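Chemist: Before we start, here is the structure in question, set down as C-alpha cells.
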Amino acid sequence: QTFEKLLIANRGEIACRVIKTCKKMGIKTVAIHSDVDANAVHVKMADEAVCVGPAPTSKSYLNMDAIMEVIKKTRAQAVSLNESICCSFVSSLSLQAAEGVTFIGPDTHAIQAMGDKIESKLLAKNAKVNTIPGFDGVVKDADEAVRIAREIGYPVMIKASAGGGGKGMRIAWDDEETREGFRFSSQEAASSFGDDRLLIEKFIDNPRHIEIQVCIIIVLADKHGNALWLNERECSIQRRNQKVVEEAPSTFLDPETRRAMGEQAVALAKAVKYSSAGTVEFLVDSSKNFYFLEMNTRLQVEHPVTECITGLDLVQEMIRVAKGYPLRHKQADIPINGWAVECRVYAEDPYKSFGLPSIGKLSQYQEPLHVPCVRVDSGIQQGSDISIYYDPMISKLITYGSNRAEALKRMEEALDNYVIRGVTHNISLLREVIIHPRFVQGDISTKFLPEVYPDGFKGHKLTDLERRELLATAASLYVAEQLRSQRFLGTPRIPIAKPKRSSWELSVHLGDGIYPVAVSKDGSSFSVEVDGMKLNVTGEWNLASPLLSVTIDGTQRTIQRLSRNASGNTSIQFLGTVYKLQILTKAAAELSKYMPEKAAEDTSSILRSPMPGAVVAVSVKPGDVVSEGQEICVIEAMKMQNSMIAAKTGKV
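In this text, residue positions in the sequence shown follow UniProt numbering: the first is 1, and each later residue adds one.
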C-alpha cells in the first residue's frame, strides 16, 4: 500500500517518467501545467491536469500558492516537486495544516542543507568529506567578489548557492570577468531559483597535469537509518557546465576509489538524516583524489543509466521510502550489470558554442525504439513546440549493453535512427563524441569538448571512403527518384513508350568540390563510379520513409534525406552530420555557370542574436559610439543570460 493519488509539480520528461512508475504502482496522477503547456505530453498522460499560470516558471511551475490550491482541490495524498520550491512547499504544508499530504523526497532540513551550496560545503567538512578550497560565505557584491577571487587565486568558479544545471555559474580568470560573472550569475540565479546568493571557490584547472572528471555517487536512504550507494555515474562531457553525455559505471574508477567515494557519500547522507534518492557529485583528478562538489536532493536527469546497471526503479524506491517502508536491499545486493550510456538530445545548434538554443515545432518525430536495448525518456511528441520559456531538452537517449563497446555501438545506431525535424538538434555532436578515439579509450575530462574541438564543432570530417559513399548514395537517391517520377500509377492510360534508360552521368557538388558521378541500374541496386572507383549501392528506396537503410559495398548505413528541391539541392544526414549537396545532370551542370549567384547579405553593421530569446537589458542608446567587444544588450534564452557584443567600432 502506498498512495491513491500523487501530484507532480514538474514538466517535461521527468514528469512523464514519474507518471509511468505511478501507473505501474496503481497510483492516480495529477499534472500541473502552464497555459503554453496545455497540450504537453505529461498533461495527456496524467489522470487529471490543472493549469497553474502563464508560461514563465516563476508564475506557474514555481508558483507555490497555486500548487497548494491544486493539492487541496484534487485531494492529492503525495506530491513530487520541482526542487526549487521543495523547502517552501514543505513549510507551507504545516502552515496550512494540509495533513495527510506526503512529499516524495527528503525532509525540509536535508533539502535546505544540501540545496544550499554554502551550507552543504560546511556540513560536508564536518562529515569528513573531502572539499574544494574556497570562500564558505555569501558574496555580497561585485567588489567583494573581486577581493575574494584575488585571495583564493584565479581562476575561480562563481556559483549560485541554490543553483544547478549549469545556471548561475561562471568561470572567471581575472577581475573584469569576476565582475561580469557576478552580475550574470546573480541575475540567472534570481530568475531560475528565486535566490540570488552566490559563493566563490577555486576552479580546479590544470590541463597539462590534471584531468578533472565529474563522478556522481547515487545514494538511497530510508527513514529507518539505512543508506546505500548505487555506484557511480561518469558525467565529464559537458558544455557550459551542463552535462551532455553520461555513463555508468565510470571507466576511470577502481573498486577501492568507488568504495571510498560511496562511503563518504553515505556518511554525508546520514549526517543530514537524508531519506530518499539523491546524488553526491565529486571532482576526481588523475591521481584519483576526489573532492565534494555538491549534493542534489532530487532524481537527476541522468538517473536512467543507474537504473540500467542496478535493475532498480529509483522513482518506485523514492515513493516506497516516502510512505515509510525500509529499503529492500543491502549494499551487497547492489550490482554493476553491464554498461549504460545516456546522451542528452537538445534542440540546440552544436555549431554555435557547442549548442545555442533552437525553437520551433517538431514537424516530424520518431524515436529509435526499434533498436535493441534502447530507452528514450522524453516529454514531447510529433507536433510539440520547443519554446523559449523552458529547457531545450528533447529527450534522454539511453543504450545498454553487456560492456561499454556494445553500449556505444548501440548508441551510434540509435542516433542514426532518431528522426527529429522542425528544430535544430545536437545529434551530430553527440555522435562525434561517442565515436571519438579519446572517448572510446575513456580518456575524458570536463575539458573534452574545447580540447578536441579548439576551433568549435564543425561536424563529421569525411574520409575519402566516406565521401565516396555519400556521393554514391546521393546519386543513387537522385536516380531512384527520377525513375519513380516516370511511372504512371492508378490510370488506364498507356504512356508513350520510351526506351528504358539504364545509365546516368551526373555532377555532384559537395562542399568545395564538384565530382563527376556515373550511375548504372542493375535490378534494385545501382553501380556508381566515383573517383574512378565503382561502388555497389543497394536499398529498398522507399523515398517516403524518413529513414533509409542502404548498403554500400557490404557496409550498412542508415541515412535521412531531410530536404530536396527542383534545383537539385538536397540535404542528407549521413553519419550524424547534415551535408548539403547539389546533384545535376551533366548537361545542367554545364549550363549552371550562366546562373547568377545571390550576393551574401552584409551583416557587419548589424547585431543579430544567434538564438531566439527575450531582451532583458539594453546597454546603449541611438547615437552612442561603441567599441569592438562592448556589450550592446543581454538576451535571456532557456533561463541562461548571454551578453551580445559589438563586432566592430561604430555608432549606434
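Virtual Cβ for every residue (Gly too), placed ideally from N, Cα, C. Remember, it's a predicted structure, so these values are computed and weren't measured experimentally.
Can you check which of these residues, Leu7, Glu188, Lys521, is closest to Phe103 by C-alpha distance?
Modeler: Against the sequence shown, residue 103 aligns to sequence position 103. That would be Leu7, whose Cα lies nearest to the Cα of Phe103.
Chemist: Put Gly53 into one of helix, strand or coil per three-state DSSP.
Modeler: As a working mapping, residue 53 is identified with position 53 in the sequence shown. Reduced to three states, the DSSP call for Gly53 is strand.
Chemist: Under 8 Å: do the region 568-580 and the region 462-480 share three or more Cβ pairs, one atom per stretch?
Modeler: Cβ pair count under 8 Å is three or more, so yes.
Chemist: What ranges does the alpha helix (DSSP H) occupy inside the region 259-324, keeping only unbroken runs of at least 4 residues that lie completely in it?
Modeler: 303-310, 314-323, all fully within the region 259-324.
Chemist: So which of Gln77, Ser402, Phe182, Asp65 has the shortest CA-CA distance to Ala149?
Modeler: Position 149 of the sequence shown, counted from the start, is the residue given in the question as residue 149. Comparing Cα positions, the closest option is Phe182.
Chemist: Closest to Ile635 by C-alpha separation, out of Gly623, Ser619, Thr649, would be which residue?
Modeler: Along the sequence shown, read from residue 1 onward, the residue named residue 635 stands at position 635. Ranking Gly623, Ser619, Thr649 by Cα distance to Ile635 puts Ser619 first.
Chemist: Identify the residues that DSSP records as bridge partners of Ala647: which are they?
Modeler: By 1-based counting over the sequence shown, the position of residue 647 is 647. Answer by DSSP bridge pairing: none, since Ala647 is not bridged.
Chemist: Among Gly12, Ile435, Leu62, Pro612, which has the Cα closest to the Cα of Gly360?
Modeler: Here residue 360 refers to the residue found at position 360 of the sequence shown. For the residues Gly12, Ile435, Leu62, Pro612, the minimum Cα distance to Gly360 belongs to Pro612.
Chemist: So, with DSSP's three-state summary, where would you put Gln112?
Modeler: Position 112 of the sequence shown, counting from 1, holds the residue named residue 112. Three-state DSSP puts Gln112 in a helix.
Chemist: Buried or exposed, going by whether 16 or more other CB atoms sit within 10 Å of the CB of Ala221?
Modeler: Taking the sequence shown and counting its residues from 1, one reaches residue 221 at position 221. Looking at its Cβ environment, which holds 16 or more other Cβ atoms inside 10 Å, Ala221 is buried.
Chemist: Within the continuous beta strand (DSSP E) that includes Leu397, where are the two ends?
Modeler: Residue numbering aside, residue 397 sits at position 397 when the sequence shown is read from its first letter. That run of the beta strand (DSSP E) goes 393-401.
Chemist: For the region 320-331 against the region 368-385, do three or more pairs of beta-carbon atoms, one drawn from each stretch, fall closer than 8 Å, so that the two count as touching?
Modeler: Contact between the region 320-331 and the region 368-385 is absent, because fewer than three Cβ pairs lie under 8 Å.
Chemist: DSSP state of Ala190, grouped into three classes?
Modeler: Your numbering for residue 190 matches position 190 in the sequence shown. Here Ala190 sits in helix by DSSP.
Chemist: Grab me the residues of Glu201's own chain with a C-beta within less than 6 Å of its C-beta, minus the 5 sequence neighbours each way, in chain order.
Modeler: Position 201 of the sequence shown, counted from the first residue, corresponds to residue 201. Excluding residues within five positions, the ones whose Cβ falls inside 6 Å are Ile132, Gly134, Met157.
Chemist: Between Ala589 and the rest of its own chain, which residues show a CB-CB distance below 6 Å, the 5 nearest in sequence each way excluded?
Modeler: Here residue 589 refers to the residue found at position 589 when the sequence shown is read from its first residue. Around Ala589: Ser507.
Chemist: For Ala599, is the classification buried or exposed, using 16 other Cβ atoms within 10 angstroms of its Cβ as the cut-off for buried?
Modeler: Counting from one through the sequence shown, the residue named residue 599 turns up at place 599. Per the 10 Å Cβ criterion, exposed.
Chemist: Between the C-alpha atoms of Ala566 and Val433, what's the straight-line distance to the nearest angstrom?
Modeler: Here the question's residue 566 lines up with position 566 in the sequence shown. Here the question's residue 433 lines up with position 433 in the sequence shown. So the alpha carbons of these two residues sit roughly 35 Å apart.
Chemist: Can you grab the Cα-Cα spacing for the pair Glu211 / Thr251, in whole Å?
Modeler: Taking the first residue of the sequence shown as position 1, residue 211 is located at position 211. Taking the first residue of the sequence shown as position 1, residue 251 is located at position 251. Caution is warranted here: a pLDDT of 39 is assigned to Glu211, below 50, making its placement in the model unreliable, and the coordinate value is therefore given only provisionally. So the two alpha carbons sit approximately 14 Å from each other.
Chemist: Taking only runs that begin and end inside the region 513-541, name each unbroken beta strand (DSSP E) of 3 or more residues, in chain order.
Modeler: Within the region 513-541, the complete beta strand (DSSP E) runs of at least 3 residues are 513-522, 525-530, 533-539.
Chemist: Am I right that Lys117 and Ser161 are in contact with their C-beta atoms under 8 Å? What's the rounded C-beta distance?
Modeler: By one-based count along the sequence shown, residue 117 stands at place 117. By one-based count along the sequence shown, residue 161 stands at place 161. That pair is a contact at about 5 Å.
Chemist: Give the list of continuous beta strand (DSSP E) stretches no shorter than 3 residues that lie fully inside the region 332-410.
Modeler: Entirely contained in the region 332-410, the beta strand (DSSP E) runs reaching 3 residues are, in chain order, 339-346, 364-366, 374-378, 393-401.
Chemist: In whole angstroms, what is the alpha-carbon distance linking Arg197 and Tyr61?
Modeler: Along the sequence shown, one-based indexing puts residue 197 at 197. Along the sequence shown, one-based indexing puts residue 61 at 61. Cα-Cα distance, rounded: 21 Å.
Chemist: Is Arg17 buried or exposed, if buried means 16 or more other CB atoms sit within 10 Å of its CB?
Modeler: Counting from one through the sequence shown, the residue named residue 17 turns up at place 17. Arg17 comes out buried.
Chemist: Compute the Euclidean distance between the alpha carbons of Trp541 and Tyr594, then round it to the nearest angstrom.
Modeler: Counting from one through the sequence shown, the residue named residue 541 turns up at place 541. Counting from one through the sequence shown, the residue named residue 594 turns up at place 594. So the two alpha carbons sit approximately 33 Å from each other.
Chemist: Tell me the residue span of the beta strand (DSSP E) that contains Val79.
Modeler: Counting from 1 along the sequence shown, the entry for residue 79 is found at position 79. Counting along the chain, the beta strand (DSSP E) containing Val79 begins and ends at 78-81.
Chemist: How would you call Ser605, buried or exposed, if buried means at least 16 neighbouring beta carbons within 10 angstroms?
Modeler: Against the sequence shown, residue 605 aligns to sequence position 605. Classification for Ser605: exposed.
Chemist: Tell me the DSSP secondary structure of Thr2 in three-state form.
Modeler: In the sequence shown, residue 2 corresponds to position 2, counting from 1. In this structure, Thr2 counts as coil in the three-state DSSP scheme.
Chemist: With a threshold of 8 Å, are at least 3 pairs of Cβ atoms found where one atom belongs to the region 544-564 and the other to the region 507-524?
Modeler: They do not touch, by the three-pair rule.
Chemist: How far does the alpha helix (DSSP H) with Asn126 in it reach, from first residue to last?
Modeler: Translated into the one-based positions of the sequence shown, residue 126 becomes position 126. Here the alpha helix (DSSP H) through Asn126 covers 117-126.
Chemist: How long is the line joining the alpha carbons of Met25 and Glu281, rounded to whole angstroms?
Modeler: Here residue 25 refers to the residue found at position 25 when the sequence shown is read from its first residue. Here residue 281 refers to the residue found at position 281 when the sequence shown is read from its first residue. Those two C-alpha atoms are separated by around 30 Å.
Chemist: Reducing DSSP to helix, strand and coil, say where Ile606 ends up.
Modeler: Here residue 606 is taken as the residue at index 606 of the sequence shown, counted from 1. It is coil, neither helix nor strand.
Chemist: Should Arg239 and Leu449 be called a contact, given that it needs their Cβ atoms to be closer than 7 Å?
Modeler: Along the sequence shown, read from residue 1 onward, the residue named residue 239 stands at position 239. Along the sequence shown, read from residue 1 onward, the residue named residue 449 stands at position 449. Yes.
Chemist: Which residue from Glu597, Ser643, Asp624, Glu601 puts its Cα closest to that of Ala617?
Modeler: Working through the sequence shown from its first residue, we reach residue 617 at position 617. The candidate whose alpha carbon is nearest that of Ala617 is Ser643.
Chemist: Grab the span of the beta strand (DSSP E) containing Leu562 for me, first residue to last.
Modeler: Residue 562 sits at position 562 when you count from the first residue of the sequence shown. First-last of the beta strand (DSSP E) with Leu562: 555-564.
Chemist: For Met64 and Gly355, what's the separation of their Cα atoms in angstroms?
Modeler: The residue given as residue 64 occupies position 64 in the sequence shown. The residue given as residue 355 occupies position 355 in the sequence shown. Using only the alpha carbons, I get a separation of about 32 Å.
Chemist: Three-state secondary structure (DSSP) at Gln641?
Modeler: For the purposes of this step, residue 641 is taken as residue 641 along the sequence shown, with counting starting at 1. It is a strand residue.
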